[in-house]
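Worksheet: the structure to be examined is printed underneath.
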Amino acid sequence: MAKIGDIDVGDFPLLLAPMEDVSDPPFRALCKEQGADVVYTEFISSEGLIRDAAKSVMKLDIYEKERPVGIQIFGAVEESMLRSVEIVEASGPDIIDINFGCPVKKVVSKGAGAGILKDIDLMVKLTKSMVEHTKLPVTVKTRLGWDHDSIKIVEVAERLQDVGCAAISIHGRTRAQMYKGDADWKPIAAVKNNQRMHIPVFGNGDVNSPERAVEMRDEYGLDGAMIGRASIGYPWFFNEVKHFMKTGEHKKPPTLVERVEAARRHLEMSIAWKGEILGVFETRRHYTNYFRGIPHFKEYRMKLVTSDKSEDVFAALNLIEEKFAGYEFV
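Plus 60 on top of the position in the sequence shown (first one is 1) and you've got my numbering.
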């Protein structure tokens with residue numbers, strides 16, 4: 061059984077990765093219903109939190125049905141990070157996660173996210189300070205290193221553990237790779253196989269099928285899988301992985317009616333949480349995967365991703381349910 065601090069997260073837990081404009085409360089709720097063991101918020105800027113920026117503060121919203129839930133923050137300035145920890149604590153999460161892995165330029169250019177992989181001493185110092193500043197378990201999400209020539213993840217993970225990090229999630233790419241090429245899980249396994257490591261080590265990157273999750277567990281010996289892109293528009297992925305792990309067989313995919321109903325609920329929850337305009341806009345990224353595989357679907361997909369009014373999106377979903385009612389997914 062894996063434990064994050066005192067939180068029992070089960071045998072080989074499946075974690076929903078923190079994804080910008082994806083891992084919001086509506087989507088986290090759907091993933092939780094479909095078997096996600098731990099969910100993380102979108103990453104939140106520490107500088108935005110201490111300035112009381114509306115978008116950053118809004119991301120602190122969490123709900124009882126999500127637990128255990130982690131709030132993820134990023135930054136490179138110790139004072140700001142510590143002040144943000146106090147703000148995050150007031151929201152009542154179960155876990156505080158530090159993002160040391162985001163590769164996007166606007167984050168990295170400030171020395172935050174994966175940018176901190178150029179300064180491992182600062183990475184360790186920030187982690188130590190945050191652990192000492194809260195009673196909540198502090199976890200870290202990071203990458204293998206800045207580039208191929210600077211991969212020292214075994215040493216880095218051990219140092220983070222030694223200053224109190226309660227668990228570590230490692231994406232199997234360097235910052236230089238961004239999201240290109242294949243994720244390399246061998247260095248993550250090396251972290252797990254370090255005899256001095258005793259905290260959970262979760263793998264991330266290219267967990268895009270139940271078979272890959274089993275491979276991460278059985279061949280690489282990791283403690284759990286953090287799932288990102290495979291779940292976008294497809295929250296059923298978590299239960300499909302669990303079913304395959306238990307039975308060795310693939311779970312029958314959701315029907316068209318189930319997909320339409322999930323898309324409706326997703327949109328309804330998004331509008332309730334962030335309003336009509338943002339609710340409609342930020343749910344668009346999920347529709348392609350909700351209905352992936354349906355032939356001759358372009359006309360309907362365009363209705364879903366270009367309509368600005370929720371009534372038009374709901375009408376499109378009704379039309380899809382009527383038009384493709386008999387379609388069987390394989």
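In this text, a Cβ means the ideal position worked out from N, Cα and C, and glycines have one as well.
Since the structure is predicted, the reported quantities are computational estimates derived from the model, not experimental observations.
**Q.** Beta-carbon proximity of E102 to S116, cut-off 7 Å
**A.** No, the Cβ-Cβ distance between E102 and S116 is not below 7 Å.
Q) Beta-carbon separation of L186 and V200 under 7 Å? A) Going by C-beta atoms, L186 is not nearer than 7 Å to V200.
Q: With DSSP as the reference, label Y100 as helix, strand or coil.
A: Of the three classes helix, strand and coil, the one that applies to Y100 here is strand, per DSSP.
Q. Straight-line CA distance for A375 to A243?
A. Those two C-alpha atoms are separated by around 40 Å.
Q.
So within the region 93 to 175, which uninterrupted alpha helix (DSSP H) runs reach at least 4 residues, ignoring any that extend past its ends?
A. Counting only runs of 4 or more, we get 106 to 110, 114 to 118, 138 to 149 and 165 to 168.
Q | Chain-order list of residues whose beta-carbon lies under 6 Å from that of P313 (same chain, five-residue window excluded) | A | Sequence-distant Cβ neighbours of P313 in its own chain, meaning closer than 6 Å and more than five residues away, are F389.
Q) Skipping 5 residues on each side, what residues in its chain have a beta carbon closer than 8 Å to that of D81? A) Correct list, in chain order: E102, E342 and R345.
Q) Just checking my contact of I156 with T202 at CB under 8 Å: how many whole Å lie between their CB atoms? A) I156 to T202, Cβ: 15 Å. No contact.
Q.
Given a cut-off of 7 Å on the beta-carbon distance, is the pair G284 and P73 in contact?
A. Their beta carbons are under 7 Å apart, which means G284 touches P73 by this criterion.
Q. Do you know offhand how far G263's Cα is from L204's?
A. Distance between the alpha carbons of G263 and L204 is about 11 Å.
Q) From P270, N349 and V148, pick the residue whose C-alpha is nearest to that of M118; which is it? A) Each of P270, N349 and V148 was checked against the Cα of M118, and the nearest Cα belongs to V148.
Q.
With three or more C-beta pairs closer than 8 Å as the rule, is the region 288 to 302 touching the region 248 to 258?
A. When C-beta atoms of the region 248 to 258 are compared with those of the region 288 to 302, fewer than three pairs fall below 8 Å, so the two segments do not count as touching.
Q. Skipping 5 residues on each side, what residues in its chain have a beta carbon closer than 7 Å to that of S105?
A. Excluding residues within five positions, the ones whose Cβ falls inside 7 Å are S116, F134 and G135.
Q: Tell me whether the beta-carbon of L364 lies closer than 7 Å to the beta-carbon of Y347.
A: The answer is yes: Cβ separation under 7 Å.
**Q.** Spatially closest choice to K311 from R289, E271 and I287, by CA coordinates
**A.** Here the closest residue by C-alpha is E271.
Q: Take the Cβ of H356 as the centre, count every other Cβ of all protein chains shown within 10 Å, and call the residue buried at 16 or more, exposed below.
A: The residue is exposed, with fewer than 16 neighbouring Cβ atoms inside 10 Å.
**Q.** Alpha-carbon spacing of A172 relative to F160, whole angstroms
**A.** Cα to Cα, A172 sits roughly 7 Å from F160.
Q: State buried or exposed for A332, treating a residue as buried only when at least 16 other CB atoms are found within 10 Å of its CB.
A: With fewer than 16 other Cβ atoms within 10 Å, it is exposed.
**Q.** Whole-number beta carbon distance between S269 and C91, since they are thought to touch under 8 Å
**A.** About 17 Å separates the CB atoms of C91 and S269; that is not less than 8 Å, and the two are not in contact.
Q) So who's on the other strand from F262, going by DSSP bridges? A) Note: F262 sits in a beta bridge opposite S229 and G284.
Q | Helix, strand or coil at G353 [DSSP, three-state] | A | G353 falls in the coil class under three-state DSSP.
Q) Roughly how many whole angstroms lie between the Cα atoms of Q255 and R111? A) A straight-line Cα-Cα distance of about 42 Å links Q255 and R111.
Q | Buried or exposed by the 16-neighbour rule on C-beta atoms within 10 Å, applied to Y123 | A | Counting the other Cβ atoms within 10 Å of the Cβ of Y123 gives fewer than 16, which makes it exposed.
Q: With a 10 Å radius around its C-beta and 16 neighbouring C-beta atoms as the bar for buried, classify E126 as buried or exposed.
A: Buried is the call here.
Q: Take the Cβ of T234 as the centre, count every other Cβ of all protein chains shown within 10 Å, and call the residue buried at 16 or more, exposed below.
A: Around the Cβ of T234, a 10 Å sphere holds 16 or more other Cβ atoms; the residue is buried.
Q: Express the C-alpha separation of Q94 and V317 in angstroms, rounding to a whole number.
A: C-alpha separation (whole angstroms): 16 Å.
Q | Beta-carbon proximity of P260 to A96, cut-off 7 Å | A | No. Outside cutoff.
Q. Would DSSP call R88 helix, strand or coil?
A. R88: helix per DSSP, three-state reduction.
Q. Among residues of its own chain, excluding the 5 on either side of P128, which ones have a beta-carbon nearer than 6 Å to its beta-carbon?
A. Take P128, set aside five residues on each side of it, and the residues of its chain with a beta-carbon closer than 6 Å to its own are I67, V98 and D154, in chain order.
Q. Leaving out five residues before and five after L142 in sequence, what residues of the same chain have Cβ atoms less than 8 Å from its Cβ?
A. Exclusion of the five residues before and after L142 leaves S189, M190 and H193 as the residues of its chain whose Cβ lies within less than 8 Å of its Cβ.
**Q.** Closest by C-alpha distance to V69, when choosing among I176, Y294 and A227
**A.** It is A227 whose Cα lies nearest to the Cα of V69.
Q) Buried or exposed: which applies to M238, given that a residue is buried once 16 or more other Cβ atoms fall within 10 Å of its Cβ? A) Taking all protein chains in view, the Cβ of M238 is surrounded by fewer than 16 other Cβ atoms within 10 Å, so the residue is classified as exposed.
**Q.** Own chain residues within Cβ distance below 8 Å of S151, not counting five before or after
**A.** Cβ within range, chain order: L120, D121, I122 and I131.
Q) Around the C-beta of M286, are 16 or more other C-beta atoms found within 10 angstroms, so that it is buried, or is it exposed? A) Of the residues assessed, M286 falls on the buried side of the cut-off, its CB having 16 or more other CB atoms within 10 angstroms.
(Q) Given this structure, state the Cα-to-Cα distance separating V320 from Y350, to the nearest angstrom. (A) Cα to Cα, V320 sits roughly 8 Å from Y350.
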